[in-house]
Amino acid sequence: TRALNLGGYTTAHENEIEYVTISSLGDITDFGNLTESKNRASGCANQTRGISGGGNISGDSTNVIEYITIAQTGNGVNFGDLTVKRQSAGGLASSVRGVFTGGYHDSPAATYYNTIDYITIDTLGDAADFGDLTVGRLYAASCSNSTRGVMGGGNVSGGTQKNEIDYITIATLGNATDFGDLTAARRDIAAASSPTRALFCGGDTPTIVNTIDYVEILTTGNAVDFGDQTVSRDRISGCSNAHGGL
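Position 151 of the sequence shown, counted from 1, bears residue number 558 in my numbering, the numbering being contiguous throughout.
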């Protein structure tokens, strides 16, 4: 029913939560505030709760996880902590689990994480280790259906963009497996999914592009061209009202 936007950056880190009703048109509406002002957090949801994990808080990373109840308005509530402080991770979910993939921490030394954490969305508590990505990266895009999570693109140490797509089976534990490749190596991609398809939209190659790729989630193989965005852009977010994890 609703799509939410949590935090971000203008001239400073922001704590605003905003929402729209997907089936209507109109301006975004205030929902409440996060417990921290931050950008580069990762988000996921089931049909009840929206989750924000990690992010950047004025030059440092955070491990804080917070949640909101999507059907209500109000401020974020503390859920627990990620296993490590990080920003620019991917987020995906089934109706039961939320998963946070990869990310980056720049203090005291630059670290590109291959860490995959998970939570049980309808409880409270700290994240637990799920397994590892095939390579440590940030700025990757993540989405899911009710069975699989897929993670595409991103940056690795040294600033190199990647085209790899990994996948996990959300209900199990274990390391990610190679799925295939995007049509081009890129980072800062938006992702959205239905129960059958995952889309990877825009990004930086390092040229900013308008490319939309898709994969069939329950198969493996390389991404296929879907079409183009109306403009080339990166550092965007994506979601859908056919959220494949529900």
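The beta carbon of each residue, even a glycine, is placed where N, CA and C say it ideally should be.
What you are looking at is a predicted structure, and each value in this text was computed from that prediction instead of being measured.
Contact set for residue i: own chain, Cβ-Cβ below 7 Å, skip 5 residues either direction
i, result
"Asp-467", "Ser-514"
"Glu-623", "Thr-603, Arg-604"
"Lys-445", "Gly-414, His-420, Gly-462, Asn-463, Ile-464, Thr-469"
"Tyr-525", "Arg-504, Gly-505, Val-506, Ala-534, Ala-535, Phe-537"
"Arg-447", "Gly-462, Asn-463, Gln-494, Ser-495"
"Ser-601", "Ser-647, Ala-649, Gly-651"
Collapsed DSSP secondary structure at residue i in the structure displayed
i, result
"Ser-501", "coil"
"Gly-450", "strand"
"Tyr-520", "coil"
"Cys-646", "coil"
"Arg-604", "strand"
"Glu-623", "strand"
"Asp-593", "Note on residue identity: the sequence assigns Arg, not Asp, to residue 593. Arg-593: coil per DSSP, three-state reduction."
"Leu-413", "strand"
"Ile-577", "coil"
"Ala-478", "coil"
"Ile-528", "coil"
"Thr-408", "coil"
"Val-631", "strand"
"Leu-653", "coil"
Residue span of the beta strand (DSSP E) that contains residue i, given as start and end
i, result
"Ser-564", "Premise fails: Ser-564 is in no beta strand (DSSP E) and is neither H nor E."
"Cys-550", "548 to 551"
"Ser-459", "456 to 460"
"Glu-423", "420 to 428"
"Asn-470", "Per DSSP, Asn-470 belongs to no beta strand (DSSP E) and is neither H nor E."
"Thr-584", "584 to 588"
"Gly-559", "555 to 559"
"Asn-439", "At residue 439 the sequence reads Gly, which differs from the Asn that was named. Residues 436 to 440."
"Gly-538", "535 to 539"
Contact under 8 Å by Cβ, residue i with residue j
i, j, result
"Gly-559", "Phe-607", "yes"
"Ala-592", "Gly-645", "no"
"Val-616", "Glu-571", "no"
"Asp-658", "Val-503", "Because residue 658 is not part of the residues shown, which for the chain are 408 to 653, the question remains open."
"Leu-545", "Asn-562", "yes"
"Thr-618", "Thr-637", "no"
"Phe-586", "Val-557", "yes"
"Thr-612", "Gln-568", "yes"
"Leu-411", "Glu-425", "yes"
"Ile-577", "Ser-551", "yes"
"Arg-555", "Tyr-574", "yes"
"Tyr-474", "Arg-493", "no"
"Thr-455", "Thr-476", "yes"
"Gly-483", "Leu-441", "yes"
"Ser-351", "Tyr-519", "With the chain covering 408 to 653 only, the question about residue 351 has no answer from this structure."
Sequence-distant residues of the same chain with beta carbon closer than 6 Å to residue i, five excluded per side
i, result
"Cys-451", "Ile-458, Gly-498, Leu-499, Ala-500, Gly-505"
"Ser-647", "Ala-599"
"Gly-634", "Ile-619"
"Ile-435", "Glu-425, Val-427"
"Asp-641", "Asp-595, Gly-609, Gly-610, Asp-611, Ile-615"
Test: residue i CB closer than 8 Å to a CB of chain D
i, result
"Ala-597", "Considering every chain present, this structure includes no chain D. It has just one protein chain."
Neighbourhood of residue i by C-beta, 8 Å cutoff - its chain only, sequence neighbours within 5 removed
i, result
"Asp-539", "Asn-521, Thr-522, Ile-523, Asn-582, Ala-583"
"Asn-453", "Ala-500, Ser-501, Ser-502, Val-503, Gly-505, Ile-528, Asp-529, Gly-652, Leu-653"
"Gly-628", "Phe-586, Gly-587, Val-622"
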